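Take a look at the structure set out below.
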Amino acid sequence: MTEITHWADVVAEEATTKNKKNVISTGITPSGHIHIGNMREVLTADAVYCALKNKGEEPDFFYIADNYDPLRKVYPFLKEEDYAQHVGKPISEIPCPCGQHKSYADHFLEPFIAAMETLGIHPEVKRTDELYKAGKFVDAIKTALKNRDAIAKILEEVSGKEVQEDWSPFNPICEGCKRINSAKVTGFDEAEETVSYDCPACGTSGKVSMTGGGKLTWRVEWPAKWKILGVTAEPFGKDHASSGGSYDSGIRISREIFNNEPPLPIVYEWIMLGEKGAMSSSSGVVVSISDMLDVVPPEALRFLIMKTRPEKHIKFDPGQPLLNLVDEYERLRDKEEPSEFEKRIVSLSQSKDVKQSKIPFKQMVTIYQVAGGDLDKIDAIAKRSGFDEDPEIINLMAHNVGLWLDKYAPSFAKFGVKDTVPVQAASLTNTQRAFLKAFADELLAADKELGPEDIQRIVYETKEPASPISKKMEEYAGGEIPAEEIDTKNFFSAIYTALLGQPSGPKAGWFLTSFDNSFLVVRFKEAAEYRP
RNA sequence: GGGCCCAUAGCUCAGUCAGGCAGAGCGACUGGCUUUUAACCAGUCGGCCUAGGGUUCAAAUCCCUAUGGGCCCGCCA
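Plus 67 on top of the position in the first sequence (first one is 1) and you've got the working numbering.
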C-alpha cells in the first residue's frame, strides 16, 4: 500500500507552497452554548497548525470571537422579559445571563476557551469588539464605504440577491437604542473617521466613530479580517462554502476591494448527534462542549476529529459508540507497530498539555462501579491492578466515567455492587453455596495477591475432582455433588449474584481483582448462609 | 431554481489529491490460554468499491450521467 498522507499534512503542504508564512484563523460567534460541532472548527485549525509546525514553519493561529455581532433574537434558553430589550445590540455589550461574566458573549466564550485549554488548543484569542475598539478596522471601513457600490454589485452577482438601496457595508451602533442592526448610514467623513446615520427604530440621528462605533457587515467583515490579520488558511462550515455563500463573495471582495489574496479554504462537515440529526443550537439538538468534556477524555475527542477527513460527516453518539471510540483510540495509541499513518493520527490526537490516563476507559467503567464512585477506592483499585499513576490523572478519568455512566451508558454496562448481601442470594442452590464457601476459603488461603488469571483458574478447577476447591465443596455440601451441577456457569453466576444481585457481570477474574480480598471472603460466606 | 459534500465488508470508516493486487478497526464466527461470561492472544468469514457510460495498457481513484443520503444559498460551524 502506498503511504497515506494525513489530511492535515495535505493542507499544510498546500499552504506552504502558496505562502511563505501561514496564518490560520478561525472564528465563532458566542451567541449561545458553544457545542462539539464548533469544536470541530478549532480542532481542524489546530491540526493544520500542528502540521505546519511539524514542517518547520512558524505559523500564527488566531481564534476570533465574533462578539460584536448583534443578538439575533431571544433564544429559547433566554428569558423573554430580560432579553427582548437587548435584541439587536452587540453581544459584547449586553449583560451576562448568569451575572458572573463581563458580558453575554463572555458567558459563552469563557467555557469554550477553557475547553480549548483542556483539549490542548492554544490559539491567540482575539475579540472582535476589541479589534474594532482599537481601530484595527478603520482602514477597511474606509475602503468599504468608498467602494460601497462595487461591493453591492459583487454581492448581487455572487448571491443573486438584490441589495437594498440604503444598504451600507457598515452598521453603526445607534447611540439612542444601542442596536447595531437598525441604523441607516447617511454619510461618512474619511478625515474625521466618522459615519453619520439615522435610526428608524428610535428616531435618533447622529455620528459615530469608525473606531468602536459600529462594525462591517459579515460578508465584508470576513474578507477585511483576512487582510488585517494576514489569514492564509481558515476552516469554516459548509454553510459558508456553498455557491453564492459568504466565502464566494469573500473571494471577490478580498481580491477586488481589499486587494488581498483570500485564504485557503478548509471546508468541514457537520457533526451529527446520534440519530437525531445535525447539531444545532436552534433545534435543541445540542451537546455543549463542556458536557462532552465531562465525559470524553480529551485525547479521544481530538482523535475523533483527527481520524476523520473534514468533509466527512461525523456521527457522534455518546452512548455505547463513545465507549468504542475511546477504546479504538487507546488501542491505536498503545499499538506495538503502528503504521506511519496511524502514528500520525495518534500524534495529532495527543497534546503535550493533555494527559490521559493509561487505564483503559472500559476497565475504568468496571473499577468505578466496583468502587461505587469513591475516588480513594478507585485509586486503590487502580494501584492493585498495576496502574501506577498520578491520582489526579486517574481521578480525571474516573470523573469522566462516572458522568458517562450517569448520563449516557446503556443499561447493560451498568451494575452496582450491593452494600449488603442482595436478596437474590436467596435463590442460590446448595451447590452454589458450597462453591462460594469453598471459593472464599481459597481466597483466604492464597499466600500472595491473586491475579485475574489465578481467580479464573480457581473457578475452573471445580471441574477437577482432585483440586482443593472441589474437595472443600464436597465437604461443605456434605457429600458428593451431582456431576450435572459441576458447571462453571453456575459458579460464575453465584459470584455475580452474591455481589451484584444479578446472574452475570464483567469477566470475573478482572472484576474480582478490583475488590479487597477480605471483603470478598466475608461477602461470599454471608451469601452462602443467606436465607430470608 | 442554483450549488456543495458524501456513498467502499454487518457497523464506523481509511484508501480518491498524485490511476498500479480491495484495506483497517469494531462486530460476528472459530480456536488458544487445563478456562462459555464484557480481559488477553491467534485465526476465519465477510466487498459487482451505489448504478450506467467514457478516458486509459491499467479506474474505488480521473471525466460525464443517473440514483440515494446529508446540507447550503436569510450572519446558526
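Just so it is clear, CB atoms sit at the ideal spot from N, CA and C, and this is done for glycine as well.
For clarity, every value in this text was computed on a predicted model and none was experimentally measured.
If we count the other Cβ atoms within 10 Å of its Cβ and call it buried at 16 or more, is residue i buried or exposed?
i	result
Thr600	An answer regarding residue 600 cannot be provided, because it is not within the stretch 68 to 599 covered by the chain.
His153	buried
Phe586	exposed
Arg598	exposed
Thr53	As displayed, the chain neither begins before 68 nor continues past 599, which places residue 53 out of reach and without an answer.
Glu397	buried
His380	exposed
Val490	exposed
Thr496	exposed
Ile71	exposed
Arg400	buried
Pro137	buried
Arg376	exposed
Gly254	exposed
Phe144	exposed
Leu239	In the sequence as displayed, the identity of residue 239 is Pro instead of Leu. Its Cβ being crowded by 16 or more others within 10 Å, Pro239 is buried.
Ala533	exposed
Ser310	exposed
Ala151	exposed
Lys539	buried
Lys481	exposed
Thr564	buried
Asn134	buried
Ala465	buried
Gly572	buried
Where do the N-terminal and C-terminal ends of the beta strand (DSSP E) with residue i fall, by residue?
i	result
Arg590	Unbroken run through Arg590 is the alpha helix (DSSP H), Asn584 to Glu596; no beta strand (DSSP E).
Asp265	Thr261 to Asp265
Lys274	Ser272 to Ser276
Ser452	Looking at the DSSP string, Ser452 is not in any beta strand (DSSP E), and its letter there is neither H nor E.
Tyr130	Asp127 to Ala132
Val192	Glu191 to Arg194
Asp256	Lys251 to Asp256
Pro239	Phe237 to Pro239
Glu81	Where Glu81 is concerned, there is no enclosing beta strand (DSSP E), although the alpha helix (DSSP H) it sits in stretches over Trp74 to Lys85.
Ile381	Ile381 to Phe383
Glu395	Element bounds for Glu395: not the beta strand (DSSP E) but the alpha helix (DSSP H), Gln387 to Arg400.
Mapping the DSSP letters down to three states, classify residue i as helix, strand or coil.
i	result
Ser537	helix
Tyr335	strand
Glu407	helix
Pro329	coil
Gly518	coil
Leu579	helix
Thr487	coil
Glu531	coil
Ile71	coil
Phe175	helix
Gly281	strand
How far does the alpha helix (DSSP H) with residue i in it extend, from its first residue to its last?
i	result
Val367	Per the sequence shown, residue 367 should be read as Ala rather than Val. Note, Ala367: alpha helix (DSSP H), Pro365 to Lys374.
Ser560	Thr555 to Leu567
Asn105	Ile103 to Asn121
Lys504	Asn497 to Ala512
Leu360	Ile356 to Val362
Thr93	First-last for Thr93: Val90 to Ile95, but that is the beta strand (DSSP E), not the alpha helix (DSSP H).
Pro290	Trp285 to Leu296
Gly304	Premise fails: Gly304 lies in the beta strand (DSSP E), Ala300 to Gly304, not in any alpha helix (DSSP H).
Glu148	Glu147 to Tyr150
Gln436	Phe428 to Val437
Arg319	Ser313 to Arg319
Check the C-beta distance from residue i over to residue j and give it rounded, since I have them as a contact under 8 Å.
i	j	result
Ile430	Pro365	The amino acid occupying residue 430 in the given sequence is Gln; Ile does not appear at that position. Gln430 to Pro365, Cβ: 19 Å. No contact.
Ile356	Ala182	4 Å
Leu296	Glu81	No, Leu296 and Glu81 are not in contact; Cβ-Cβ is about 19 Å, not under 8 Å.
Phe325	Ala300	Their Cβ separation, rounded to whole angstroms, is 17 Å, which puts Phe325 and Ala300 out of contact at 8 Å.
Thr580	Ser478	25 Å between Cβ atoms; not a contact.
Ile218	Ala211	6 Å
Ala118	Ala75	4 Å
- Counting only runs that start and end within the region 177–228, where is the alpha helix (DSSP H) found for 4 or more residues in a row? Counting only runs of at least 4 residues, the region 177–228 fully encloses the following alpha helix (DSSP H) elements, listed from N- to C-terminal order: 195–200, 205–213 and 215–226.
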